[in-house]
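*Asks:* Here it is: the structure, laid out below.
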Amino acid sequence: MDSIQLVMNMDTIASFAPIHKPKHFLPSWTNFFPACKLSRFPLISFPGKPSKLVRLKANTITAPKCVDQESNRTFHKVPPSQWDWGQHFLSVHVDVTEMDALRIEIEELKPIVRGMLMSSQSVDSTKKRVCLIYLLVSLGLMYLFEDEIEKSLQENFEKIEDVLAGENDCPRFPTSFGFSEHTVTKCLLVFTRFKGEDGKFKECLVEDVKGMVSFYEAAHLGTTTEDIMDEALSFTTSKLESLAKYGDGFSHITARIKNALCMPQHFNNEMVFTREYITFYENEEDHNKMLLRFAKINFRFLQQNWIQELTTLGRWWKQQDYASKLPPYFRDRLTECYLYSLLTYFEPRFSRGRAAILNISTLVTLIDDTCDRYAPLSDIADLVACVERWDPDNLDCLPDYMKIVFKAAWDILEKCESEGKSEEGSSFDVQGLLGELKIYLRANLRFAEWAQTDLVPTTLDEYFEIGGTEVTMHISVGGTFLALGKTDRDKAYEWLKSRPKYIQAQAKRGRLMNDITGFYDDMSRGYKPNAVNYYMKQYNVTEDEALADLHMMVRELDKTVNEEFLKTAKKMPRKILRGPIGFGNTVVFSYRFGEEFTFPERFKEHITSLFVNLIPL
């Protein structure tokens with residue numbers, strides 16, 4: 001237990017901003033969309049030894065509240081999910097006969113595409129093959145040809161310089177680089193190739209709109225060790241904004257530009273991107289009819305598979321009936337959590353992985369809302385102690401609502417273990433995940449101390465260290481590891497316990513994005529632990545200055561995450577890294593336009609396109 005005294009002082013719960021202010025958005029590196037506007041200000045660096053933060057004085061909030069007698073604590077009701085998804089998926093019908101027919105057609109088309117990938121090795125063939133790989137990735141077909149694509153990439157990236165030597169005009173070749181996070185060196189070569197003698201990018205690039213979009217996508221792969229990616233990002237963003245603003249607002253190319261500017265492929269939910277790209281590709285005059293058909297039947301097959309799973313998971317969630325057991329302080333987000341699971345595992349064979357991610361996501365949502373929005377400090381401390389003991393028969397110290405929260409944790413981990421044992425055998429266990437759950441709860445306790453007493457973090461570094469855990473990065477990544485085999489799973493949890501720089505950079509970015517977009521919601525309910533709040537206090541800056549500086553920190557952390565990934569990928573298998581990659585993108589996907597998990601208006605569009613409206617064939 002931490003040495004900080006657990007003192008409850010409800011009078012210090014503060015309100016630092018008017019509750020009617022709009023929520024903040026994260027930068028999208030574009031000025032075209034007001035919701036994604038980036039404030040371009042120089043980053044204020046931290047001093048070598050940050051000064052100790054002062055105690056915060058509080059005002060009493062006057063917004064409408066709910067009062068629950070059991071906890072004697074006020075709380076604000078959170079917006080409900082945008083639709084009764086659970087009821088929908090309990091009644092939806094999946095055509096199993098159609099699924100079987102789609103599966104057969106997929107198997108018939110695979111040899112044709114495999115032959116296209118393994119064709120001749122000339123320079124011209126190399127261009128076509130790399131462009132084909134880009135198409136397979138964008139159309140959601142890459143998982144069917146992983147081995148062939150890996151082999152082809154290894155062979156063809158060695159020929160990049162020969163391919164570029166034949167490109168004298170504005171090329172479409174850069175379109176092939178939007179898909180790969182491990183080809184930064186080759187992207188640098190491409191970007192340098194298309195700079196003029198004046199050191200600026202050639203204006204001829206603008207003539208190839210689709211090439212410009214992929215140029216823009218690849219520019220998000222930058223690291224802290226070079227500047228050309230920033231230059232490429234600035235150049236392409238400016239040109240694409242202009243094209244989107246003054247181009248044909250109804251053309252499929254304009255739609256492609258706007259989608260890329262709002263959510264670059266590097267951060268997007270792969271299946272959300274795929275659904276959009278299939279529509280774009282269908283409107284291309286030179287599209288390959290066989291590939292388009294392949295993409296559609298594959299996506300429809302995936303949709304049917306996901307809907308089947310949502311039906312099963314919806315029944316399980318309905319049986320838990322937390323809505324009737326607990327006050328309405330928590331976010332009921334089953335379908336949104338399933339949407340998150342697709343960022344890590346969308347393929348049919350990873351059904352257990354998706355279920356594990358959903359289980360852990362619903363659990364941490366319940367714990368987070370209990371600790372952040374409802375429970376007094378003493379109850380949180382008691383919950384932490386009970387989870388440390390991990391004994392369901394020793395809960396007498398907990399109030400009834402906390403017993404429900406503990407039981408939810410116990411039941412979900414038991415469910416994950418039972419499902420794992422049914423596939424792997426008795427060697428499967430959830431001890432690694434349980435360890436992360438305990439660490440996560442300790443972080444929640446520390447945040448509760450900062451929120452409900454006069455105590456504050458000593459430095460911003462301390463805040464980010466604890467806050468990166470509290471924002472659920474580590475336990476969520478740990479949940480993705482349940483889909484791995486025993487050897488890889490053990491290796492993954494040992495790696496996670498070491499708190500590698502790649503994970504820590506992701507966690508810090510997640511903390512910042514959470515705090516920027518949730519700032520006004522936090523302040524309106526008197527919740528003090530927030531990076532914007534502490535940054536203003538430590539550096540004596542205004543709210544706008546703090547937000548501008550923290551936005552720039554997010555951008556720098558994007559580069560750090562890329563850099564640490566490249567280092568980590570040299571020693572960790574890709575199948576282990578899928579979890580950190582997926583959850584890292586989940587964070588960006590959730591906070592790009594605000595705190596969308598709490599206020600999930602925009603998620604309705606994604607859920608409808610993936611799980612409700614089947615793609616027409």
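In the UniProt record's numbering, the protein residues as written are 1 to 617. Every residue gets a Cβ at the ideal spot worked out from N, C-alpha and C, and that includes glycine.
In chain order, what residues of the same chain lie with their CB nearer than 7 Å to the CB of N259, ignoring the 5 residues before and after it?
*Replies:* Walking along the sequence shown from the start, residue 259 turns up at place 259. Closer than 7 Å at Cβ, skipping near neighbours: E276.
*Asks:* Relative to the C-alpha of T370, which residue among Y345, R352, M402 is closest?
*Replies:* Here residue 370 refers to the residue found at position 370 of the sequence shown. Among Y345, R352, M402, the Cα nearest to that of T370 is on M402.
*Asks:* I need the straight-line Cα distance from E564 to K501, nearest angstrom please.
*Replies:* Within the sequence shown, residue 564 is the residue found at index 564, counting from 1. Within the sequence shown, residue 501 is the residue found at index 501, counting from 1. Approximately 7 Å, taken between the alpha carbons.
*Asks:* If I follow the unbroken alpha helix (DSSP H) through Y493, where does it start and stop?
*Replies:* In the sequence shown, the residue the question calls residue 493 occupies position 493. Per DSSP, Y493 belongs to the alpha helix (DSSP H) from 486-497.
*Asks:* What residues in its chain sit with their C-beta under 7 Å from that of P580, if we drop five residues either side in the sequence?
*Replies:* Sequence index remark: in the sequence shown, residue 580 carries index 580 (1-based). Closer than 7 Å at the Cβ level, and outside the excluded window around P580, lie V477, Y502, I503, Q506.
*Asks:* Apart from the five residues on each side of it in sequence, which residues of its chain come closer than 6 Å, Cβ to Cβ, to N305?
*Replies:* Translated into positions along the sequence shown, residue 305 becomes position 305. Hits under 6 Å: P348.
*Asks:* Where does K195 fall in DSSP's three states?
*Replies:* Position 195 of the sequence shown, counting from 1, holds the residue named residue 195. Looking at K195 - three-state DSSP - the assignment turns out to be strand.
*Asks:* Give me, in chain order, the residues of the same chain whose beta-carbon lies closer than 7 Å to that of R511; leave out the 5 immediate sequence neighbours on both sides.
*Replies:* Stepping through the sequence shown from its first residue, residue 511 is reached at position 511. Closer than 7 Å at the Cβ level, and outside the excluded window around R511, lie F464, G467, G468, V471, A531.
*Asks:* If we call anything under 8 Å between Cβ atoms a contact, is L117 one with L132?
*Replies:* Position 117 of the sequence shown holds residue 117. Position 132 of the sequence shown holds residue 132. A contact, by the Cβ cut-off of 8 Å.
*Asks:* Going by the beta-carbon positions, is the gap between C416 and A375 smaller than 8 Å?
*Replies:* On the sequence shown, position 416 is the one that residue 416 refers to. On the sequence shown, position 375 is the one that residue 375 refers to. No, the Cβ-Cβ distance between C416 and A375 is not below 8 Å.
*Asks:* According to DSSP, is F201 helix, strand or coil?
*Replies:* Stepping through the sequence shown from its first residue, residue 201 is reached at position 201. In the structure shown, F201 sits in a strand (DSSP, three-state: E or B).
*Asks:* Take the Cβ of I112 as the centre, count every other Cβ of all protein chains shown within 10 Å, and call the residue buried at 16 or more, exposed below.
*Replies:* In the sequence shown, residue 112 corresponds to position 112, counting from 1. I112 should be labelled exposed.
*Asks:* Would R525 be called buried (16 or more neighbouring beta carbons within 10 Å of its own) or exposed?
*Replies:* As a working mapping, residue 525 is identified with position 525 in the sequence shown. Buried: at least 16 other Cβ atoms inside 10 Å.
*Asks:* Can you list, in chain order, the residues of its chain with a C-beta nearer than 7 Å to that of P264? Leave out the 5 residues immediately preceding and following it.
*Replies:* Mapped onto the sequence shown, residue 264 falls at position 264. The answer, listed in chain order, is E217, H220.
*Asks:* Where does E595 sit, in a helix, a strand or coil, going by DSSP?
*Replies:* Your numbering for residue 595 matches position 595 in the sequence shown. Three-state DSSP puts E595 in coil, outside helix and strand.
*Asks:* Here's the rule: buried if 16 or more other CB atoms are within 10 angstroms of the residue's CB, otherwise exposed. What is I380?
*Replies:* In the sequence shown, counting from the first residue as 1, residue 380 sits at position 380. Its Cβ being crowded by 16 or more others within 10 Å, I380 is buried.
*Asks:* Of all the alpha helix (DSSP H) runs that stay within the bounds of the stretch 240-304, which reach a length of 4 or more residues?
*Replies:* Segments of the alpha helix (DSSP H) lying fully in the stretch 240-304: 252-262, 270-282.
*Asks:* Taking 6 Å as the limit between beta carbons, can you name the residues of its chain near F583, skipping five residues before and five after?
*Replies:* Counting from 1 along the sequence shown, the entry for residue 583 is found at position 583. Closer than 6 Å at the Cβ level, and outside the excluded window around F583, lie S476, V477.
*Asks:* Which of helix, strand or coil does DSSP assign to R333?
*Replies:* Along the sequence shown, read from residue 1 onward, the residue named residue 333 stands at position 333. Here R333 sits in coil by DSSP.
*Asks:* Measuring alpha carbon to alpha carbon, tell me which of K571, V587, T344, L398 ends up nearest F481.
*Replies:* Locating residue 481 in the sequence shown gives position 481, where the first residue counts as 1. Taking only the C-alpha atoms, the option nearest F481 is T344.
*Asks:* Please return the same chain residues whose Cβ sits closer than 7 Å to the Cβ of I44, not counting the five positions on each side in sequence.
*Replies:* For the purposes of this step, residue 44 is taken as the residue at position 44 of the sequence shown. Residue placement at I44 cannot be trusted, given a pLDDT of 28 that sits under 50; what the coordinates show is reported in the next sentence. Correct list, in chain order: Y539, D549.
*Asks:* The alpha helix (DSSP H) with N514 in it runs from where to where?
*Replies:* Counted from its first residue, the sequence shown places residue 514 at position 514. Start and end: 501-517.
*Asks:* Helix, strand or coil: how does DSSP classify E601 here?
*Replies:* Start at 1 with the first residue of the sequence shown, and residue 601 comes out as number 601. DSSP places E601 in coil when its eight states are reduced to three.
*Asks:* If L445 sits next to A409, beta carbons under 8 Å apart, how far is it from one beta carbon to the other, in whole angstroms?
*Replies:* Locating residue 445 in the sequence shown gives position 445, where the first residue counts as 1. Locating residue 409 in the sequence shown gives position 409, where the first residue counts as 1. Contact doesn't hold; Cβ gap of about 15 Å is too wide.
*Asks:* So the alpha helix (DSSP H) G425 belongs to, where does it begin and stop?
*Replies:* In the sequence shown, counting from the first residue as 1, residue 425 sits at position 425. It is not in any alpha helix (DSSP H) - G425 carries neither H nor E in the DSSP assignment.
*Asks:* Given a cut-off of 8 Å, decide if V209 and L243 are closer than it, judged by their beta-carbon atoms.
*Replies:* Mapped onto the sequence shown, residue 243 falls at position 243. Mapped onto the sequence shown, residue 209 falls at position 209. Yes. Within cutoff.
*Asks:* Whole angstroms is fine: what's the gap from K571's alpha carbon to G425's?
*Replies:* Locating residue 571 in the sequence shown gives position 571, where the first residue counts as 1. Locating residue 425 in the sequence shown gives position 425, where the first residue counts as 1. Those two C-alpha atoms are separated by around 28 Å.
*Asks:* Taking just the CA atoms, how far does L460 sit from Y534?
*Replies:* Sequence index remark: in the sequence shown, residue 534 carries index 534 (1-based). Sequence index remark: in the sequence shown, residue 460 carries index 460 (1-based). One C-alpha to the other measures close to 7 Å.
*Asks:* Taking the alpha helix (DSSP H) that N367 falls in, what are its first and last residues?
*Replies:* Residue 367 sits at position 367 when you count from the first residue of the sequence shown. In the sequence as presented, Asn is not what sits at residue 367; that position holds Ile. First-last of the alpha helix (DSSP H) with I367: 351-373.
*Asks:* Between I106 and A255, what straight-line distance do the alpha-carbon atoms span, to the nearest angstrom?
*Replies:* Here residue 106 refers to the residue found at position 106 of the sequence shown. Here residue 255 refers to the residue found at position 255 of the sequence shown. C-alpha separation (whole angstroms): 29 Å.
*Asks:* What whole-angstrom Cβ distance do L102 and I278 have, given they're in contact under 8 Å?
*Replies:* Here the question's residue 102 lines up with position 102 in the sequence shown. Here the question's residue 278 lines up with position 278 in the sequence shown. Contact doesn't hold; Cβ gap of about 15 Å is too wide.
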